[in-house]
Amino acid sequence: GIRDIGVTGVQTCALPISEKVRITCAMQYEIVMTDGAKPWKVHTTNYIYRLLDRNENPIVDYHWHPASTPDVPFPHLHARQYGCKRHYVTGRVLIEDVLVLGIECGAAPNNPGKWNRILNGNRKNFALGATWGTSHPGK
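So this note's numbering is basically just the index in the sequence shown, starting at one, shifted up by 125.
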């Protein structure tokens with residue numbers, strides 16, 4: 126079982142990951158005790174990730190904020206560059222997924238080998254403890 130121990134937090138950051146793209150992210154989480162092999166677990170309770178171009182224009186926004194928008198309780202994206210307000214269902218999106226998209230849009234890791242090791246390790250660790258929606262099953 127999981128017991129809430131009342132620890133919550135919000136992290137917000139902006140990452141100028143290259144001259145071509147920038148990422149902003151906001152994530153809210155809670156830390157809970159477990160009865161499992163590890164004494165605690167971190168649960169994400171909402172997130173907003175934004176990928177911007179060099180002129181600060183949004184390329185894509187990934188959102189999941191079920192408490193603040195109960196009529197849109199699912200993870201989704203917005204394609205803001207087209208002025209569209211529609212919520213496109215995505216499934217769960219990890220910050221690592223947004224960083225990969227940033228790389229695909231022109232950012233380059235300082236150390237690609239280390240980046241790939243960290244990325245693959247994070248995805249595997251996440252999948253071990255995920256209670257819903259891993260973004261890359263089997264990886």
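Where is the CB? At the ideal position from N, CA and C, for every residue including glycine.
Every value quoted in this text rests on a predicted model; they were computed, and no experiment measured them.
Checklist entry - Secondary structure at residue 155, three-state DSSP: helix, strand or coil? => result The count along the sequence shown starts at 1 and reaches residue 155 at position 30. If DSSP states are grouped into helix, strand and coil, residue 155 belongs with the strands.
Next on the checklist: One question on the structure: do residue 145 and residue 179 come within less than 8 Å of each other, judged by their Cβ atoms?
Outcome noted: Numbered from its first residue, the sequence shown carries residue 145 at position 20. Numbered from its first residue, the sequence shown carries residue 179 at position 54. Contact flag set, yes.
Checklist entry - Assuming residue 167 contacts residue 156 under a Cβ cut-off of 8 Å, what Cβ separation, rounded to an integer in Å, is found between them? => result Here residue 167 refers to the residue found at position 42 when the sequence shown is read from its first residue. Here residue 156 refers to the residue found at position 31 when the sequence shown is read from its first residue. With a contact defined as Cβ atoms closer than 8 Å, residue 167 and residue 156 qualify at about 5 Å.
Next on the checklist: Please report the distance separating the alpha-carbon of residue 115 from that of residue 234.
Outcome noted: The question about residue 115 has no answer here: the residues shown for the chain are numbered 126 through 264.
Item to check | Rounded straight-line distance, which links the Cα of residue 190 to that of residue 149 | outcome: If you number the sequence shown from 1, residue 149 lands on position 24. If you number the sequence shown from 1, residue 190 lands on position 65. For residue 149 and residue 190, the distance between alpha carbons rounds to 16 Å.
Next on the checklist: On a Cα-Cα basis, can you pick out the residue from 214, 196 and 193 that is closest to residue 203?
Outcome noted: Here the question's residue 203 lines up with position 78 in the sequence shown. The option with the nearest alpha carbon to residue 203 is 214.
Item to check | Distance between beta carbons of residue 151 and residue 172, contact taken as under 8 Å | outcome: Position 47 of the sequence shown, counting from 1, holds the residue named residue 172. Position 26 of the sequence shown, counting from 1, holds the residue named residue 151. Contact flag correct, Cβ pair sits at about 7 Å.
Next on the checklist: As a quick exercise: from 236, 221 and 143, pick the residue whose alpha carbon is nearest that of residue 187.
Outcome noted: What you label residue 187 is simply residue 62 of the sequence shown in a count that begins at 1. It is 221.
Item to check | Sequence-distant residues of the same chain with beta carbon closer than 6 Å to residue 212, five excluded per side | outcome: Mapped onto the sequence shown, residue 212 falls at position 87. Only residues of its own chain outside the window of five on either side were considered, and among them 197 and 201 have a CB closer than 6 Å to the CB of residue 212, listed in chain order.
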